[in-house]
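In full-length UniProt numbering, the protein residues as written are 1 to 136. Report on one structure; see the data block that follows.
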């Protein structure tokens with residue numbers, strides 16, 4: 001078994017012919033921390049994700065792989081909730097950080113009501129071709 005960004009496996013079947021399996025994983029993994037065990041009924045793989053994030057919706061990019069089963073006895077259901085909270089906190093921090101970097105630089109941009117007025121006037125001109133604005 002070869003753990004890389006994707007999993008590649010070559011094993012002999014009962015007739016002695018080599019059978020290949022390639023799994024195109026949804027997210028990157030840490031190959032050095034992955035392991036597997038051969039069982040009578042199949043293969044048990046222990047895979048560690050590279051990025052701590054909420055639980056994957058599925059293991060592979062392909063949505064039609066139906067022979068993979070997650071053993072829920074080996075995982076803690078609170079792991080996904082904790083990972084979601086950590087991910088959401090980091091995401092919100094990133095959003096706030098980027099929002100503060102995009103502060104207005106011109107005086108005209110600093111007044112949000114002025115922009116809204118211009119947008120209202122433009123939309124009225126589009127909706128009513130005979131609309132005109134008169135300032136007193």
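From the three backbone atoms N, C-alpha and C, an ideal C-beta is built for every residue, glycine too.
Element boundaries [beta strand (DSSP E), containing residue i]
i	result
residue 18	18-23
DSSP bridge partner residues for residue i (one or two, in chain order)
i	result
residue 43	38
residue 3	7
residue 29	49
Whether residue i touches residue j by CB criterion (8 Å)
i	j	result
residue 3	residue 34	yes
residue 26	residue 60	yes
residue 36	residue 49	no
Reduced DSSP secondary structure (H/G/I, E/B, other) of residue i
i	result
residue 15	coil
residue 57	coil
residue 64	coil
residue 52	coil
Identity of the residue in the options nearest residue i by Cα
i	options	result
residue 52	97, 96, 30, 6	30
residue 5	58, 42, 28, 55	28
residue 63	98, 16, 79, 23	23
residue 32	46, 87, 86	46
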